[in-house]
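**Q** Chains as they are written, first to last, in our numbering: chain A, 3 to 240; chain B, 3 to 244.
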């Protein structure tokens, strides 16, 4: 379904009674984001917000990655920027929203794979040569490469990385939550102690992506933003 | 990409856009978590679901990782975490463990009786709900061996314990029967110190720290949980198996 392009013509009746008149094309629109993708995007936005907020509150209980004795704190995250109020409350949020977070992840990945829609966003070796020209363009020393599809090579790389980070956040989280039942996972990360560090690092990587994502959304304007709500992007560049 | 190219008038486009937008309204259901009257119930349910899944994931035959002696933290680097006092003043001379509930031989059990059971020593990781972890060396009797001694009904669902410092906890039977679940009377090959729970504590490498109650005084095998656990009553997870 995604990839469909339509032409928007002037509503009837506006230009008199012209019966067989050729319709006046006022805009074009492309269907970029199928319903499931949009649904997962917004549910996951809420879930990620809660997971990060409650995760930081959990971190506040022991804001260190060293030993308990002697305890050397890494940073004191303010309570105002955390969710749950205290460790027990934050764990309730975290252990509730992890199901929503994982649910949207599974639904999204399943849909993308089975619908074939993943091709729109999946970064492949074919996209490698196109990355550098986009980077040059974004940092203001290159002309804009021609846009032929919904996602340019750099976007594909960013979104594919973000999906990978999402998977990693779940895997590292499972190793922290169940280091005995998933001892092989924890072992791959260097044991529970390091799994906790990885889980924290993955969160920052995701936040870094979100920051870049938000900057790009602002730069690309209203039509681009609305496409994640309605699916349709007015005046696409291709 | 231009697989279909059709013409739609402005009004129709606005209609289609609105319909697609409205399809996202289920997302607003998440707002229920922001409603004070609903929040607590929803989070409790989420926690209970997590506990239920955790119990499904638990495998009695799967051991917690064990470590070489070289990886064990020095004794003075093993944290002491109590919920109120480090030493509740247990009379170690006259101490007994009171066993009741679904057991054939209820009564008072001396420490020497527990120590007469096969001694298990294990280097395992102790993980605190706060996030810190430490590898320690523990010794004691398997709870499952003690169950044979007292004739516990292992088809019962729970084990509850009470402690000299008024702490209380409960365990699922599957975890109680796990071969690494110990009635622990030794740390680092020495008798348990008072701050670490003398004379007897639970040591369960498949559970988070607060489940491993110290200064045990009572143990009950039961199908009904009258008291769940001190921290659970504050809102922590009951199962919290690792």
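Cβ atoms here follow ideal geometry from the backbone N, Cα and C, with glycine treated the same way.
(1) Thinking just about the alpha-carbon of each residue, which of 48/A, 76/A, 216/A and 82/A is nearest to the one in residue 202/A?
(2) For residue 234/B, I'd like the list of residues in its chain whose CB is within less than 6 Å of its CB, leaving aside the five on either flank, ordered along the chain.
(3) Residues of the segment 46-62 of chain B with a CB closer than 9 Å to any CB of chain A: list them in chain order, please.
(4) Whole angstroms is fine: what's the gap from residue 118/A's alpha carbon to residue 112/A's?
(5) Can you say whether residue 302/A is buried or exposed, counting buried as having 16 or more other CB atoms within 10 angstroms of its CB?
(6) Residue 124/A by DSSP, collapsed to three states: which one?
(7) Determine whether the beta carbon atoms of residue 172/A and residue 86/A lie at a separation below 8 Å.
(8) Between residue 84/B and residue 228/A, what straight-line distance do the alpha-carbon atoms span, to the nearest angstrom?
(9) Going straight from the alpha carbon of residue 66/A to that of residue 198/A, what length do you get?
(10) Identify each residue in the segment 187-209 of chain B for which the Cβ-Cβ distance to at least one residue of chain A is less than 8 Å, and report them in chain order.
(11) Please classify residue 208/B as buried or exposed, where buried requires at least 16 neighbouring CB atoms within 10 angstroms.
(12) Could you give the C-beta distance for residue 80/B and residue 138/B, rounded to a whole number, given that I count them as a contact under 8 Å?
(13) At the level of alpha carbons, what is the spacing between residue 193/B and residue 55/A?
(14) Tell me which residues of the segment 131-148 of chain B have at least one Cβ-Cβ distance to chain A shorter than 8 Å, keeping chain order.
(15) Judging by CA-CA distance, which residue of 135/B, 111/B, 34/B and 200/B is the nearest neighbour of residue 196/A?
(16) Straight-line CA distance for residue 96/B to residue 183/B?
(17) Please report whether the beta-carbon of residue 98/A lies at a distance below 8 Å from any beta-carbon of chain E.
(18) Just checking: is the beta-carbon of residue 187/A within a distance shorter than 8 Å of some beta-carbon in chain B?
(19) Relative to the alpha-carbon of residue 128/B, which residue among 53/B, 73/B and 30/B has its alpha-carbon at the smallest distance?
(20) Would you identify the three-state DSSP class for residue 8/B, choosing helix, strand or coil?
(21) According to DSSP, which residues form a beta bridge with residue 211/A?
(22) Run through DSSP, which three-state label would residue 31/A get?
(23) Rounded to the nearest angstrom, how far is the Cβ of residue 153/A from that of residue 39/A, given a contact under 8 Å?
(24) Just the C-alpha distance for residue 121/A and residue 105/A, rounded to the nearest angstrom, thanks.
(25) For the segment 98-113 of chain A, which residues have a beta carbon sitting closer than 9 Å to at least one beta carbon of chain B?
(26) What's the C-alpha gap between residue 209/A and residue 50/A?
(27) Looking at the unbroken beta strand (DSSP E) that takes in residue 184/B, where does it start and where does it end?
(28) Note down, in chain order, all residues in the segment 113-131 of chain A with a beta-carbon under 8 Å from any beta-carbon belonging to chain B.
(29) Starting from residue 70/A, find everything on chain B with Cβ-Cβ shorter than 7 Å and list it in chain order.
(30) What are the residues in the segment 53-66 of chain A lying within 8 Å of chain B by C-beta distance?
(31) If we ignore side chains and look at the alpha-carbon of each, how far apart do residue 247/B and residue 125/B end up?
(32) Taking contact to mean at least 3 C-beta pairs separated by less than 8 Å, is the segment 30-37 of chain A in contact with the segment 222-237 of chain A?
(33) Per DSSP, residue 88/B forms a beta bridge with which residues?
(34) Please report the Cβ distance between residue 105/B and residue 143/B, rounded to the nearest whole angstrom; I am assuming they are in contact, meaning their Cβ atoms lie under 8 Å.
(35) Suppose you measure from the CA of residue 3/B to the CA of residue 139/A; what does that come to, to the nearest Å?
(36) For the segment 63-94 of chain B, which residues have a CB atom closer than 7 Å to at least one CB atom of chain A, in sequence order?
**A** Looking at the coordinates:
(1) In the first chain, residue 202/A corresponds to position 200, counting from 1. Answer by Cα proximity: 76/A.
(2) As a working note, residue 234/B is residue 232 in the second chain. Only 240 meet the Cβ criterion.
(3) Result list: 46, 47, 48, 49, 51, 52, 53, 55, 56, 59, 60 and 61.
(4) For this step, residue 118/A is matched to residue 116 along the first chain. For this step, residue 112/A is matched to residue 110 along the first chain. Near 10 Å, if we compare the C-alpha coordinates of residue 112/A and residue 118/A.
(5) Chain A is shown only over 3 to 240; residue 302/A falls outside these bounds and no answer can be derived.
(6) Translated into the one-based positions of the first chain, residue 124/A becomes position 122. Under the three-state reduction of DSSP, residue 124/A is assigned to coil, being neither helix nor strand.
(7) Here residue 172/A refers to the residue found at position 170 of the first chain. Here residue 86/A refers to the residue found at position 84 of the first chain. No; because the gap between Cβ atoms is not below 8 Å, this pair is not in contact.
(8) Position 82 of the second chain, counted from the first residue, corresponds to residue 84/B. Position 226 of the first chain, counted from the first residue, corresponds to residue 228/A. Approximately 54 Å between the Cα atoms of the pair.
(9) Taking the first residue of the first chain as position 1, residue 66/A is located at position 64. Taking the first residue of the first chain as position 1, residue 198/A is located at position 196. Cα to Cα, the separation comes out at about 10 Å.
(10) So the close ones are 207 and 208.
(11) Taking the second chain and counting its residues from 1, the one referred to as residue 208/B is at position 206. Buried: at least 16 other Cβ atoms inside 10 Å.
(12) On the second chain, position 78 is the one that residue 80/B refers to. On the second chain, position 136 is the one that residue 138/B refers to. That belief holds up - the Cβ atoms of residue 80/B and residue 138/B are roughly 5 Å apart, short of 8 Å.
(13) For this step, residue 193/B is matched to residue 191 along the second chain. For this step, residue 55/A is matched to residue 53 along the first chain. Near 43 Å, if we compare the C-alpha coordinates of residue 55/A and residue 193/B.
(14) Under the 8 Å Cβ criterion, the segment 131-148 of chain B contributes 131, 132, 133, 134, 135 and 136.
(15) Counted from its first residue, the first chain places residue 196/A at position 194. Out of 135/B, 111/B, 34/B and 200/B, 135/B has the C-alpha closest to the C-alpha of residue 196/A.
(16) Position 94 of the second chain, counted from the first residue, corresponds to residue 96/B. Position 181 of the second chain, counted from the first residue, corresponds to residue 183/B. Those two C-alpha atoms are separated by around 25 Å.
(17) Looking for chain E here will not work: the only protein chains present are A and B.
(18) As a working note, residue 187/A is residue 185 in the first chain. For residue 187/A, not one C-beta of chain B is nearer than 8 Å to its own C-beta.
(19) Against the second chain, residue 128/B aligns to sequence position 126. Distances from the alpha-carbon of residue 128/B to those of 53/B, 73/B and 30/B put 73/B closest.
(20) Locating residue 8/B in the second chain gives position 6, counting from the first residue. If DSSP states are grouped into helix, strand and coil, residue 8/B belongs with the strands.
(21) Taking the first chain and counting its residues from 1, one reaches residue 211/A at position 209. Looking at the DSSP output, residue 211/A bridges to nothing.
(22) Taking the first chain and counting its residues from 1, the one referred to as residue 31/A is at position 29. In this structure, residue 31/A counts as strand in the three-state DSSP scheme.
(23) Counting from 1 along the first chain, the entry for residue 153/A is found at position 151. Counting from 1 along the first chain, the entry for residue 39/A is found at position 37. Not confirmed; about 12 Å, so no contact.
(24) One-based indexing of the first chain puts residue 121/A at position 119. One-based indexing of the first chain puts residue 105/A at position 103. Distance between the alpha carbons of residue 121/A and residue 105/A: 22 Å.
(25) Listed by position along the chain: 98, 99, 100, 101 and 102.
(26) Within the first chain, the letter at position 207 stands for residue 209/A. Within the first chain, the letter at position 48 stands for residue 50/A. Using only the alpha carbons, I get a separation of about 10 Å.
(27) If you number the second chain from 1, residue 184/B lands on position 182. From DSSP, the beta strand (DSSP E) with residue 184/B extends over 184-189.
(28) The residues in question: there are none.
(29) As a working mapping, residue 70/A is identified with position 68 in the first chain. Those within 7 Å of residue 70/A in chain B are 81, 134 and 136.
(30) For the segment 53-66 of chain A, which is checked against every Cβ of chain B, the residues closer than 8 Å are 60, 61, 63, 64 and 66.
(31) There is simply no residue 247/B to check, as chain B begins at 3 and stops at 244 in what is shown.
(32) Contact between the segment 30-37 of chain A and the segment 222-237 of chain A is present, with at least three C-beta pairs closer than 8 Å.
(33) In the second chain, residue 88/B corresponds to position 86, counting from 1. Partner residues in a beta bridge of residue 88/B, as assigned by DSSP, do not exist.
(34) Taking the second chain and counting its residues from 1, the one referred to as residue 105/B is at position 103. Taking the second chain and counting its residues from 1, the one referred to as residue 143/B is at position 141. Contact annotation, residue 105/B with residue 143/B: C-beta distance approximately 16 Å; criterion of less than 8 Å not satisfied.
(35) On the second chain, residue 3/B is found 1 positions in, with the first residue counted as 1. On the first chain, residue 139/A is found 137 positions in, with the first residue counted as 1. In this prediction, residue 3/B has a pLDDT of 43, which is less than 50 and means its spatial position is unreliable; nothing more can be read from the coordinates.
(36) The residues in question are 64, 66, 67, 79 and 81.
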